[in-house]
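Peer 1: Questions regarding the structure given below will be posed in turn.
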Ligand code: NAP
Ligand code: F7E
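Numbering (my numbering), first residue to last: 91 to 417.
Okay, here's the thing in structure tokens:
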């Protein structure tokens with residue numbers, strides 16, 4: 091019998107790739123989903139389409155401790171991957187309340203459920219480079235001080251601290267992956283990379299004229315989600331829990347991403363991209379760059395997919411998608 095894994099946020103980008111990886115490793119994969127997802131499978135479970143008959147989904151709410159306890163108590167997972175979150179930084183300025191409630195409360199509830207009802211479970215928390223915010227050193231590693239710039243970043247620092255406290259106070263196997271931006275053809279459409287790859291495909295096919303963006307000078311360390319979910323799994327295979335930065339160690343601007351994405355379709359991005367200040371953030375994170383040497387040394391993890399391959403993968407998949415859908 092393989093191990094049992096529980097994934098919160100299984101319907102998201104990372105959750106879907108992680109579920110596929112764990113199935114390949116012979117895990118029995120369980121996911122926590124919102125009840126509405128079960129009612130609207132076509133739209134809400136699209137990323138899980140290929141594996142729906144191989145996984146078990148449980149309806150629960152991150153806002154309800156009791157609903158999470160029921161699942162943890164019933165399946166007693168060997169590994170818990172807590173990925174569910176309000177993950178869109180921009181939205182966290184519009185609604186701090188739900189971002190903080192979901193991201194902090196949800197993390198606290200699931201940690202507490204594990205402590206009370208399945209203390210042998212290994213627990214992974216989805217930390218973020220947004221915790222470094224206005225960075226205090228370059229590149230950022232596991233020891234770099236945090237300086238978040240949004241309620242999203244603050245929620246992730248709190249989740250990190252809660253995870254650390256459960257490890258230290260209750261001796262549980264709890265760790266945080268501090269993941270830098272990672273993308274894929276399954277990225278949500280509001281994030282800048284997907285907005286660009288999808289927008290460029292629509293422009294190429296004559297469905298859209300322009301693409302409006304905000305700050306094109308922001309720099310990120312962009313990797314591929316498929317590479318990053320492997321790092322999550324590797325962290326939980328250790329004997330002792332430790333936190334890790336997961337990144338590529340390479341940085342590119344939004345402008346470079348756009349240039350390459352449009353070039354992939356033989357287009358000049360300068361003709362199509364317009365600046366719109368509505369996409370600027372009240373407090374921006376200008377530049378992020380990770381140092382993943384601890385992960386390389388201890389869990390033997392390295393990114394495999396390059397920036398160029400990532401951009402090409404996203405654009406070509408979006409071109410296929412837009413052609414198929416016709417919009
Ligand atoms: P994503 O595609 O936005 O997925 C987020 C998941 O969380 C979805 O399954 C979503 O469910 C679920 N969720 C959101 N609010 C919820 C709520 N109130 N109750 C229950 N479930 C809720 O995010 P991702 O890119 O896969 O990222 C996974 C995790 O890593 C997140 O915690 C994110 O903050 C963190 N992270 C991501 C990156 C990155 O670059 N991708 C980097 C660092 C950290 P629905 O489908 O029902 O909305
Ligand atoms: O923005 C700039 C924007 O929304 C990237 C999440 O997965 O990674 C992600 O957060 C940059 C920012 O991602 C537009 O100002 C310009 O500087 O794609 P994003 P993010 O905020 O970096 C971290 C690590 C996470 O943890 C988060 O969950 O692009 N930008 N113009 C724009 N951004 C968006 N969304 N839309 C624009 O039109």
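Note that beta-carbon positions come from the ideal geometry of N, C-alpha and C, so glycine has one too.
Mind checking residue 275: buried by the 16 CB within 10 Å criterion, or exposed?
Peer 2: Answer is buried; the Cβ neighbour count reaches 16.
Peer 1: Less than 6 angstroms between C-beta atoms, sequence neighbours within five positions excluded: which residues of the same chain meet that for residue 422?
Peer 2: Examination of residue 422 is not possible in this model, given that the chain is present from 91 through 417 alone.
Peer 1: Per DSSP, what kind of secondary structure is residue 206 in: helix, strand or coil?
Peer 2: Three-state DSSP puts residue 206 in a helix.
Peer 1: Measuring only the C-alpha atoms, how far is residue 325 from residue 300?
Peer 2: Those two C-alpha atoms are separated by around 42 angstroms.
Peer 1: Taking only the alpha-carbon atoms, compute the straight-line gap between residue 265 and residue 296 and give it to the nearest angstrom.
Peer 2: So the alpha carbons of these two residues sit roughly 47 angstroms apart.
Peer 1: Check whether the Cβ atoms of residue 348 and residue 286 sit closer than 9 angstroms, and answer yes or no.
Peer 2: Yes; because the gap between Cβ atoms is below 9 angstroms, this pair is in contact.
Peer 1: Are the Cβ atoms of residue 317 and residue 393 separated by less than 9 angstroms?
Peer 2: For residue 317 and residue 393, yes; Cβs fall inside 9 angstroms.
Peer 1: Could you round the C-beta distance between residue 201 and residue 245 to whole angstroms and report it? I think they count as a contact, below 8 angstroms.
Peer 2: Between residue 245 and residue 201 the Cβ distance is about 14 angstroms, and since that is not below 8 angstroms, they are no contact.
Peer 1: How long is the line joining the alpha carbons of residue 416 and residue 409, rounded to whole angstroms?
Peer 2: The alpha-carbon atoms of residue 416 and residue 409 are separated by roughly 10 angstroms.
Peer 1: Name the one or two DSSP bridge partners that residue 364 has.
Peer 2: Residue 364 is bridged to 302.
Peer 1: From the DSSP output, in three-state form, read off residue 134 for me.
Peer 2: Three-state result, residue 134: helix.
Peer 1: By Cβ distance below 8 angstroms, which residues in the same chain neighbour residue 178 in space, the five residues on each side in sequence not counted?
Peer 2: Counting only Cβ-Cβ distances below 8 angstroms, and skipping sequence neighbours, we find 242, 278, 280, 281.
Peer 1: Cα separation between residue 192 and residue 291?
Peer 2: For residue 192 and residue 291, the distance between alpha carbons rounds to 34 angstroms.
Peer 1: Could you compute how far the alpha carbon of residue 165 sits from the alpha carbon of residue 258?
Peer 2: Looking at the two C-alpha atoms, the distance is approximately 25 angstroms.
Peer 1: DSSP puts residue 310 in a beta bridge; with which residues?
Peer 2: DSSP output for residue 310 lists 342 as bridge partner(s).
Peer 1: Taking only runs of the alpha helix (DSSP H) that begin and end inside the segment 189–247, which ones reach a length of at least 4 residues, in chain order?
Peer 2: If we require 4 residues or more, the alpha helix (DSSP H) runs fully inside the segment 189–247 come out as 196–207.
Peer 1: Under 7 angstroms Cβ to Cβ from residue 128, same chain only, skipping five residues before and after it: list those, please.
Peer 2: Closer than 7 angstroms at the Cβ level, and outside the excluded window around residue 128, lie 147, 149.
Peer 1: Is any beta-carbon of chain C found at less than 9 angstroms from that of residue 315?
Peer 2: No chain C is part of this structure, which consists of one protein chain only.
Peer 1: In or out: residue 110 buried (at least 16 other Cβ within 10 Å) or exposed?
Peer 2: By the neighbour-count rule (16 or more Cβ atoms within 10 Å), residue 110 is buried.
Peer 1: Hey, out of 105, 232, 256, whose CA is closest to residue 175's CA?
Peer 2: Nearest C-alpha to residue 175: 105.
Peer 1: DSSP state of residue 101, grouped into three classes?
Peer 2: Coil, per DSSP.
Peer 1: In its own chain, which residues sit with a C-beta less than 8 angstroms from the C-beta of residue 370, not counting the 5 before and 5 after it?
Peer 2: Here the set comprises 304, 305.
Peer 1: In this structure, how does DSSP classify residue 382 when only helix, strand and coil are distinguished?
Peer 2: Correct three-state label for residue 382: coil.
Peer 1: Near residue 267, what residues of its chain come up, given a Cβ to Cβ distance below 7 angstroms and the 5 sequence neighbours on each side ignored?
Peer 2: Around residue 267: 214, 216, 217, 321, 322, 325, 334, 336.
Peer 1: Check whether the segment 180–187 touches the segment 132–147, counting contact only when three or more Cβ pairs, one atom from each stretch, lie closer than 8 angstroms.
Peer 2: They do not touch, by the three-pair rule.
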